[in-house]
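Presented below is the structure to which this report refers.
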Amino acid sequence: MCGRFAFAPKVDSIENDIEIINRDETIKISYNLSPGMKISTIDKSRSIKNLYWGLIPYWSKDISIGRKLYNARSETAHEKPSFKKAFTNRCLIPATGFYEWKKSKNRKSPYFVQPIDMSIFYLAGIYDKAEIDGHVIKSVTILTTEPNYLIKKIHNRMPVIIEKKNLEFWLDADNSAIINSNIFTPYSNNKIDAYRVSDLVNNPSIDNSKLIENIDISLF
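For the sequence shown, this note's numbering assigns the number 103 to the initial residue and increments by one for each residue that follows.
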């Protein structure tokens, strides 16, 4: 799963990875982005769009459905009623890391996962828009996949991270090409680091750099 992530780069270098045509919307900087908030996406037009995290399918008349649909399984999203249309609307979600919770005995301990080189990476998103009570709501979900060797020690799912060489392909390819590719392969554990962080991240209203401080030198 991916129920919390961060985008707080020292330098916003997205244009080094993909050409951005439109930055009319201010990109969301936060150490604690959670479902229900607006998060920044890059769509096929290479525009920054801030969408609600938690997908509300086009056919829904109930905004609360988004509380459950903040993740979608990459293996089946293209055929599930809630995500099938959204799968044609693919986007990139810039991140500097994401959180996962490891179950142990009677508690869950948060870990922060980030690129070893501290660069920006990109989560795979799909989005939709629905009209509810006369209001058009645009929303997004993050695709997940099987965990790599490192994340498997923490959780049984991880977000799909799009390799930088595949950013254009993810946005532009047709559904058939995406489904038949290996783009949902778990991101290499050799490229990321995971470490224990404070339980403060459990509170979505707390948003500062203390959330990503390492409080434990070992994963075990």
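Yeah, the Cβ is synthetic: ideal placement off N, Cα and C, and Gly gets one too.
Would you report the Cα separation of LEU194 and GLU315, rounded to the nearest angstrom? 26 Å
Backbone secondary structure at ASN277 - three-state DSSP: helix
For THR246, which beta-bridge partners are listed by DSSP? DSSP, once it has assigned bridges, lists ARG175 and PRO261 as partnering THR246.
Exposure label - ASP276; buried when at least 16 CB within 10 Å: exposed
Check ASP295 in the structure and name its three-state DSSP category. strand
Helix, strand or coil: which one does DSSP assign to MET286? At residue 286 the sequence reads Phe, which differs from the Met that was named. Of the three classes helix, strand and coil, the one that applies to PHE286 here is coil, per DSSP.
Which of helix, strand or coil does DSSP assign to ASN324? There is simply no residue 324 to check, as the chain begins at 103 and stops at 322 in what is shown.
Inter-residue spacing [alpha-carbon to alpha-carbon] between TYR328 and LYS205: Coverage of the chain is limited to positions 103 through 322, which leaves residue 328 absent and any answer about it impossible.
So the beta strand (DSSP E) GLU332 belongs to, where does it begin and stop? Past the boundaries of the shown model lies residue 332; the chain is included only from 103 to 322, so the question cannot be answered.
ALA226 to CYS104, Cα distance in whole Å? 11 Å
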